[in-house]
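Visitor:
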Amino acid sequence: MTGDITVHDPTMLRATDGTYLLCSTHGGLEDRTSTDRIAFSRSGNAFNSPPS
Numbered sequence: 001m002t003g004d005i006t007v008h009d010p011t012m013l014r015a016t017d018g019t020y021l022l023c024s025t026h027g028g029l030e031d032r033t034s035t036d037r038i039a040f041s042r043s044g045n046a047f048n049s050p051p052s
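What follows is the structure in structure tokens.
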């Protein structure tokens, strides 16, 4: 695997369009995406700022 892959408590899903979603608790609730399940890039966070 390559790209932004430092995560905690990972869960990987495959969307209906074939995109892979890697969700984790690293720095909040973060999402990373990949089209080939090898190279991931950060795509967002569930929170605008980390919860206290």
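Under the working numbering, the sequence shown has 45 at position 45, and the numbering climbs by one with no breaks.
Just so you know, even glycine gets a beta-carbon here, dropped at the ideal spot from N, CA and C.
These numbers were taken from a predicted model, which means no experiment stands behind them.
Please report how far the alpha carbon of Thr35 lies from the alpha carbon of Thr19, in whole angstroms.
Guide: 5 Å
Visitor: Within its chain, find whatever has a CB closer than 7 Å to the CB of Phe47; leave out the 5 residues flanking it on each side and keep chain order.
Guide: Gly28 and Leu29
Visitor: Spatial neighbours of Thr6 within its chain, please: CB distance less than 8 Å, with the 5 preceding and 5 following residues excluded, ordered by chain position.
Guide: His26
Visitor: Excluding five sequence neighbours on each side, which residues of the same chain lie with their C-beta closer than 6 Å to the C-beta of Leu55?
Guide: The requested residue 55 does not occur in the structure, where the chain is confined to residues 1 to 52.
Visitor: Under a Cβ-count criterion, where at least 16 other Cβ atoms within 10 Å of its own Cβ denotes burial, should Arg37 be classed as buried or exposed?
Guide: exposed
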